[in-house]
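Working notes, beginning with the structure itself.
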Amino acid sequence: MSLVNSSVDGSTDVLVEVTDLTVGFGSLRAVDGLSFSLEKGAALGLVGESGSGKSTVASALLGLHRGTGADVGGSVRVAGIDVQEASDADLRLLRGGKAAMVFQDPLSSLDPYYAIGDQIAEVYRVHTRVSRRAARARAVEVLDRVGIPDALRRSRSRPHEFSGGMRQRALIAMALACEPDLLIADEPTTALDVTVQAQILDLLHTLREETGLGLLLVTHDVGVAAESVDEILVMRHGRAVEHGPVDTVLGAPTEPYTRDLLGAVPRVDVPRAPSEASLTNAEVVLEATGLRREFGRGKRAFAAVDDVSLTIHRGETLGIVGESGSGKTTLGRMLVGLLKPTAGEIKPGGGVRPDVQMVFQDPVSSLNPRRSVGESIADPLRARGERDEGRIRGRVSELLERVGLEGAHYDRYPHEFSGGQRQRVGIARALAADPRVIVCDEPVSALDVTTQAQVVALLGELQRELGLALVFVAHDLAVVRQVSDRVAVMRRGRIVEQGPADEVYDSPQDPYTKQLLAAVPALDPQVAAQRRAVRRELATA
Amino acid sequence: MSGFGGFVLRRGIGTVITLLAISVIVYVVFFVTPGNVAQITCGPRCSPEQVHQVAQQLRLDDPLYLRYWHFLQGILVGQDYSTGTSVEHCSAPCLGLSYQGDQQVTQLILAKLPVSLSLVFGAMVLWLILGVGTGVLSAWRRGRFTERLLTGITLAGVATPVFVIGLVLMIVVCGQLQLLPFPQYVGLTDDPEQWAWNLLLPWLSLALIEAAAFARLTRASMLETLAEDHIRTFRAYGVGERSIIGRHALRGAFAPIIALNANNVGSAVGGAVLTETLFGLPGIGQELVHAVNVVDLPVVVGMVLVIGFFVVIANAVADVLYAVADRRVVLA
Amino acid sequence: MRQPSVIARRVAVASVSLAVAAGAAACGPKDNDAKGSGGDSTPHKGGTLTVLNSNPQEDFDPARLYTSGGGNVPSLVFRTLTTRNRENGAAGAKVVPDLATDTGRPNKDATVWTYTLKKGLKYEDGTAITSADIKYGIERSFAPELSGGAPYLRDWLVGAADYQGPYKDKKGLSAIETPDSLTIVFHLNKPEGEFPYLATQTQFTPVPKAKDTGTKYEQHPISSGPYKVVSNQNDGETLVLERNKYWSTATDAERKAYPDKIDVKSGLDSSVINQRLSSSQGTDAAAVTTDTNLGPAELAKVTGDKELAARVGTGHFGYTNYIAFNPTVAPFNNVKVRQAISYAIDRSSVVNAAGGSSLAEAATTFLPNQKSFGYDPYDLFPAGASGNAAKAKELLKEAGYPKGITVTLTHSNDKDFETSPEIATAIQDALKKAGITVKLQGLEINDYKDKIHSVKTEPGFFLAHWGADWPSGGPFLAPIFDGRQIVKDGANFNTGLLNDKSVNAEIDAINKLTNLDEAAKRWGALDKKIGEQALTVPLFHPVYKRLVGKDIKNVVISDWTGVLDISQVAVK
Amino acid sequence: MSEALVASQPAGTDVSVPAGSGARQFWRRLRAQRAALVAAVVVALLVLVALAAPLLTAIEGQDPFTYHPSLIDSARGGVPTGSLGGITADHWLGVEPQTGRDLFARLAYGARVSLGVALGATVVQVTIGVVIGVAAALGSRWVDQLLSRITDIIVAMPLMIMSLALLAIVPSSFPRPLLVALVIGLIAWGNIAKIVRAQTLTLKELDYVSAARLSGWGTWRIARRELLPGLAAPVITYAALLVPINITTEAALSFLGVGVKPPTPSWGQMLTAADVWYQAAPQYLLLPAGALFVTVLSLTVLGDGIRTALDPRAASRLRIGTGRKREAKADASAKGTTTKSANSKEASS
């Protein structure tokens, strides 16, 4: 205790001092003996996969575990306040006043019912005795500061009237309102499109440059951390695995886990070994021409997919990449037949029934929680008229084993599996129908990078073995490059660029493709700085 | 604004279809209901000849479709009727004449409606205060004794029929404690103070029954909101618990409360039969039950249509309010 | 008449199957206990009387009202040729002159009745009342638009059967003559010694033709009585009556009319009415009810409270609740079965179900237990208080049912404690001892009435009741037992389908009598004679107990109505 | 009472994708809630009392139909003569005024009718509601329009009035408790249909339903295997609310004179007869009122418990009402999202 006190008295520039922090929820230890410190104006990245305890640390800095029944040990000092010992009132002063937090999902992190300006003003008034009117003025000021155009008018809008990036800017504005010393950003860009993510990261960068904010960035994305921080702390199972300057940790990792983590991160700039299929110009298995799909009626009608034509060959992977709202999921659903096109047609190559199956994004919602996984996988078999239980079980076990699970898992329920395993179950179910084409709709975006790599590897393996054609729909450019022979870039329902993966990635023709590629965070801080410069150019151009 | 115009138009058409369907159902159902209408109207000791005369007078011998057509005609163009000494006109929309009292149904409704509306809207204020208040308290004190007590009390309201609650309240409050007069409807325009004073007990009885649903809904919505991410945001910014509960959590409960409230208000206009009966309030529900008992078809149809109208309108209003409360919703 | 709404449920309202607005006969001695609790019991003029009722006065047209003796509230507005004597007890069962100078002058065989109006009679607007107005009032009651009254005029007046009222038939009824403005003569198609009783009904009230507004007349009927209608809201739900300054005690010996104003508030729940009367707060202190009796629960409470008990008025109306048999339906075609049931009946449990011994008196006669009906206390099938099971079994054995029988009792589902499920279950329980298994068939009230009053659908064994149109055996026995009153294609009340020549002849003979005391004796004897056929099992006669507000004075309860006479009540 | 039954609850529109599944998890989570357990025990006891009514009354030595005129004071309206409403060793809860029938026996037999009618009506409501709701959600636009309109009509019809009319139409030979259950069930299914429709609309957008369609199954099979289990949580929760509402509806119908007929006892009928006796014989009123209260309370608590056990995400939250749907997935366009919210709204009104 006395030690810590002296360090504050000693007017050192320590902003955050965490000593031997443990946080337990019942029998689970989310954080286990973590120590680190952060100086004023510095930036630290907490990097780890899900369950590593990184977000718990962020909450602990603001004492958010108080009153929740969590078991917190060790000490946490932020801006001179002992978070463990502080009174409720002092804690409220800390929260938002000295250290402000930016959350992952900007939509759900704002109250949907109040205007954004009012929400910022409310927070401001908690920490500063000012009139309502002055608080509103301050809200407009910070909104303007984070680059929201026409801030006065927009401050009266509610969160749903903002785009995702705007919302995140608004949250950052809220954080800035009380001029805190520390900004804690918990996965601030995870829910955003890659171009928007780049803008937000740039904003954070600028703010740090201009105000000298300390930054604690919590992220699962090594690339995001590389772009934004000076130091990195890699976490796993609640403990620190490796801690050091960003160059060192990313450039020359000493711990095997860090190496694995980095190895699993897909790189946008590394070409993929081309598959045989793409070389041999195999037969066409699916052909779509002039696809169009509208939603809504009357004035509210809009086309999610507009005049899209594709061909898919046996054994190849077609990557479809685009940001949210680009229509890529709609396109995927039309390809498998879950949605009927408003116009255009889809026909199987060579007149054979296409047998298109799908692997879904969300491993939680894609399996019926009330049925055993075996039953779900057996569905296509039964639907085709197979009645022999023994044969069904045999085939399902075979499929389970094929995707890296155990045949005995037949009777288990989805919740007994991890995310990656569920995705494997989803793949097995798709395979059960003996498809020629599988449309994978963001199959790995909900998974941790290491799991992601394994699932991607599995898909590749299956493709080679079974001669499957894959349509790989994703927003992550790096993953798409990793798996695709050919790539189509979608924007606002249209394909803006289509071609062999290497061509599209290495010499993009369409300005939108260029913009996308420039937005991808780089692992190398130097490259990141270069990209930032390119983005500025593109933005001003 | 064209969106709102379209909404009104669509709802308008929907309302008309619903009401027409309801009137047909009522006609058919009451056509097969036992009870010799002419005999009831004429009196038990009327001779067969007299009964026949009355039946002719009331067009009871016409086939059902003709009677229904006559009813529709009345709505569209009105209808003439004889008082014996003169011919009167019941102007469109005319819902016909009561078999029993020769009163115009429209006038009967106009006479009864203020009572029902007074009862329902007054009770609504009370049940919102009681229900939402209780809900907020129990969301705040969740898991503690206060919450259990409040839950128990509101559920007692649900579990006890109004004819028990109302009677006991009346005997205790008006009879023994003499705090309030025995309820007797006084028109709002005649004497607003007496109006409120007399209706207080009926309001309370009705409100006690409805409050529980609102308490549960409020509590549930608030707890749901409290578990949402944006509450965490405001906690992380040092916003106090009072403001979190009162400003953010409660705000999240508005929309569902509005929906439930509209639903209840709409159906209580005709549904508060027992409250009206017990307290002797001459409202729609009481009149309707009476009309059913004497198979007074025009009155039954008219009243049921009015009630249906209120339910439909209440829901439309709820949709609009809901869209105002939650701007993310579009009217459809 | 109107059916009391289902809602006015808890207490049996004094609605005779027929008479709505008036009640019944009196209890014995003049009850001092019914007097106001204040020291000065002399009634004075002035003040406002409040009437708290459960059923609205939906009909306020004299043509449509079905009353016994002119009704209670209606008789404040409508004077008739004759009226009931406003006195306590048996004296109150007498008919006395009202507008007329006497109770009517019959010709020799009582087929022509002549009345002379008093002089100086005026309506509320000061115009004179003429005999032509009385004739017009009666003619109106024949209009289908204004149906609802008692059937006697149509049955008795010469050539009235097909008459459709003055709106359709401008010629009018030739059976009524008005030789001058004060004289009115009625020509009947058969002798009717009880015509003076009929002349108490509201159809005999004068209606000025110029003021007739047809079906709208009830909103403002022209008063001939001590009060006029100032306001009538919601079809009789709230009525305000104020003094008619053209009425005078000089021409009206019957109505006292003490209060200046009368407020009638109805549509109230019966338990609320009784609670309000017992609390007697504010204007309720000067309140009475003309349609709500004390129920058993309220009686239990009131009897424990001296102050309240002193404010209870007790009366008897000529009324009988009974079981009816249809002798064309097996096994009730066997008189022994009917007798067996008569012996088996446990009247004490039926009385309990009807509210206990204070609210119902066990009945062994069809005629009510009052002198004016010619009451003869016979008990042809003595069942004692709780039934004679042995005798019943014996009779059943004789009838060929040694192992007992199973029968279906039809009743209504109304909560009136008369033909209602409570009474039916009590009978079910009571007959069990005699080996008679009763199945219950409860019908909705309209269905029930349709069924029991149609010769085509009449069940074999059902609950029924009958009330007096006036306190005499005639209207009590004739509709139920006169073979010529069997209606084949309409509402039939001769449920026993009795068409016995000797009975018919005796009815005709009694009707010729104009000496009503003599007639009463013969009605009593006839009742006993019919009783031998066991077509009905009399169950009980109701007793009416009603509370009055604490400031009410001069409570008069006649044997005619059985309830307090509102025209006699004072609040000061 | 009518007020209670018209008090419809708006639709719950959140989609639960319960993490857990299988009966075992359900029981484990249900057992974890003490209040729900106690409520379950109480409900079980009530059902047991109802089922064992003949046995229990035989132990007491009474039946619900026999009159005991000696135990009441006829001159005082038939009030029970003994103390505490005539409680004796023979009559555990006293006797009924006016008849002297045994109150314990009537209460026990009344439980049969009240619970039976309420459960029967609930089964009818749930069956119709689920069929109509699912058909509307899965059918074509026209089917949906038609069924939704019918639902609107049902909701807009005054329940009491239609009950009065329907109960009068059916011949009296039809078993009355069954009839009352049927009538309540046939008239008051509108809200559950709305809830089910909204829930199904959201469920059918879930990936696992799409996956089942890709497997080649038809609509019927998907409805049965994939949708119905997902509807269980909201439907069971709502049904637990409907049961007490239906009990009070039966009481209200008794009050209006069209409920179950004497001598068959039901709590509603007892309440109706007893309310005027509250001053003269309080226990006559308090017994059925207390029984009703305990039933409603325990069913409500149990319903909440079941809900929590079925959907742990809602743990510690009671839900009757509308939940705002979380904004849709990353790829949903802005317009798509608003339309979805509108759907859920539509269903809740």
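Protein chains in written order, with the working numbering: chain P, 3 to 543; chain R, 11 to 342; chain F, 164 to 735; chain L, -18 to 330.
Ideal Cβ placement from N, Cα and C applies to all residues, glycine included.
Note that the coordinates shown come from a computational prediction; the quantities given were computed from them, not determined experimentally.
Looking at chain R, which residues of the segment 418 to 445 of chain F have a Cβ within less than 9 Å of any of its Cβ atoms?
Cβ contacts with chain R come from K428, S429, G430, L431, D432, S434, V435, I436, Q438, R439, S441, S442, Q444 and G445.
Name the residue from S441(F), G563(F), W276(F) and N484(F) whose alpha carbon lies nearest to the alpha carbon of V498(F).
Checked all of S441(F), G563(F), W276(F) and N484(F); the closest Cα to V498(F) is G563(F).
Residues of the segment 253 to 287 of chain F in Cβ contact with chain R at a cutoff of 9 Å, in chain order, please.
Listed in sequence order: no entries.
Report the CB separation of A480(P) from P273(P) in whole angstroms; it is logged as a contact under 8 Å.
Actually they do not touch by this definition, with Cβ atoms about 12 Å apart.
Starting from the N-terminal side, write out each stretch of the alpha helix (DSSP H) that is 4 residues or longer and does not extend beyond the segment 185 to 251 of chain R.
The segment 185 to 251 of chain R contains these whole alpha helix (DSSP H) runs: 202 to 236 and 239 to 246.
What three-state label does DSSP hand G199(F) in the structure shown?
Note that G199(F) scores a pLDDT of 40, beneath 50, so its modelled location is shaky; the value from the coordinates is reported in the next line. Coil, per DSSP.
In whole angstroms, what is the alpha-carbon distance linking Q296(R) and V311(R)?
When rounded, the distance between both Cα atoms is 14 Å.
Leaving out the 5 sequence neighbours to the left and right, which residues in its chain are closer than 7 Å to S420(P) when beta-carbon positions are compared?
A distance below 7 Å between beta-carbons, with the five flanking residues on each side excluded, links S420(P) to no residue of its chain.
With 7 Å set as the bound, which would you pick, yes or no: does the beta-carbon of K374(F) sit closer than that to a beta-carbon of chain L?
Cβ-Cβ to chain L under 7 Å: no for K374(F).
I want to verify the contact list: residues of chain P whose CB lies under 9 Å from the CB of S191(L), in sequence order.
Near S191(L) (Cβ distances below 9 Å), the residues of chain P are R335, V338, L340, M360, F362 and S368.
Return helix, strand or coil for V475(P), following the three-state DSSP convention.
Correct three-state label for V475(P): strand.
By DSSP, does Y286(F) sit in helix, in strand, or in coil?
DSSP places Y286(F) in coil when its eight states are reduced to three.
Just to confirm, is the Cβ distance from P389(F) to W410(F) under 7 Å?
Closer than 7 Å, so yes.
Interface flag, R94(P) vs chain R, CB-CB below 7 Å:
Taking Cβ atoms only, chain R reaches closer than 7 Å to R94(P), which makes this a yes.
State yes or no: is the beta carbon of C100(R) nearer than 7 Å to at least one beta carbon in chain F?
Closer than 7 Å: no.
Can you tell me the Cα-Cα spacing of A217(R) and S583(F), whole angstroms?
If you take the alpha carbons of A217(R) and S583(F), they lie about 33 Å apart.
Taking the alpha-carbon of L519(P) as reference, which of A531(P), R537(P), H417(P) and L525(P) has the nearest alpha-carbon?
Residue R537(P) holds the alpha-carbon nearest to the alpha-carbon of L519(P) among A531(P), R537(P), H417(P) and L525(P).
Cut-off 7 Å between Cβ atoms - residues of its own chain near R406(F), not counting five sequence neighbours on either side
Excluding residues within five positions, the ones whose Cβ falls inside 7 Å are P389, Y390 and D423.
Quick check on the burial criterion: 16 or more other C-beta atoms within 10 angstroms. Buried or exposed for R252(R)?
In summary, R252(R) is exposed, with fewer than 16 beta-carbon neighbours lying within 10 Å of its beta-carbon over all protein chains present.
Starting from R647(F), find everything on chain R with Cβ-Cβ shorter than 9 Å and list it in chain order.
Below the 9 Å Cβ cutoff, chain R contributes no neighbours of R647(F), its closest Cβ being approximately 13 Å away.
Here's a check: name, in chain order, each residue in its chain whose Cβ is nearer than 6 Å to the Cβ of G334(P), leaving out the five neighbours to either side.
Once the five neighbours on either side are set aside, the close Cβ partners of G334(P) are V441, D443 and V475.
Rounded to whole angstroms, what is the Cα-Cα separation between A507(F) and S635(F)?
As the crow flies, the alpha-carbon of A507(F) is around 30 Å from that of S635(F).
Counting only Cβ pairs nearer than 7 Å, list the residues of chain L close to P382(P).
In chain order: S196 and G197.
If you draw a straight line from the alpha carbon of Y75(R) to that of A654(F), how long is it in whole angstroms?
Computed Cα separation, rounded: 28 Å.
Measuring alpha carbon to alpha carbon, tell me which of D34(P), V458(P) and G43(P) ends up nearest D232(P).
Closest in alpha carbon position to D232(P), among D34(P), V458(P) and G43(P), is G43(P).
Less than 7 Å between CB atoms is the rule here; does F17(R) satisfy it with respect to chain F?
No, F17(R) does not count as interfacial toward chain F.
Beta carbon of R295(P), beta carbon of T256(P): below 7 Å?
In this structure, T256(P) does not lie closer than 7 Å to R295(P) by Cβ.
Given this structure, state the Cα-to-Cα distance separating Q544(P) from V491(P), to the nearest angstrom.
This structure cannot speak to residue 544(P), because chain P is shown only from 3 to 543.
Return no unless some Cβ of chain F is closer than 7 Å to the Cβ of R205(L).
Chain F contact via Cβ: absent.
If you drop the 5 nearest sequence neighbours on each side, which residues of the same chain put their C-beta closer than 6 Å to that of R298(L)?
Confidence at R298(L) is low in this model, with a pLDDT of 36, below 50, so its placement is unreliable and the value that follows should be read with caution. When the five nearest sequence neighbours on each side are left out, no beta carbon in the same chain lies closer than 6 Å to the beta carbon of R298(L).
Interface residues of chain R facing N456(F) [CB-CB closer than 9 Å]
Contact note: N456(F) does not reach chain R at a C-beta cutoff of 9 Å; the least C-beta distance is about 17 Å.
Evaluate P595(F) with the Cβ neighbour count: other Cβ atoms within 10 Å of its Cβ, from every protein chain shown; 16 or more gives buried, anything less gives exposed.
Checking the displayed sequence, the identity of residue 595(F) turns out to be Lys instead of Pro. Here K595(F) is buried, its C-beta having at least 16 other C-beta atoms within 10 Å.
Between L215(F) and K428(F), which are expected to be in contact by the criterion C-beta below 8 Å, what is the C-beta distance as a whole number of angstroms?
That pair is a contact at about 6 Å.
Restricting to Cα atoms, I'd like to know which of L331(R), T95(R) and L30(R) is closest to K331(F).
Taking each of L331(R), T95(R) and L30(R) in turn and checking the Cα distance to K331(F), the smallest one comes out for T95(R).
Cβ of D83(L) less than 7 Å from any chain P Cβ?
Not closer than 7 Å to any Cβ of chain P, the Cβ of D83(L) fails to qualify, so no.
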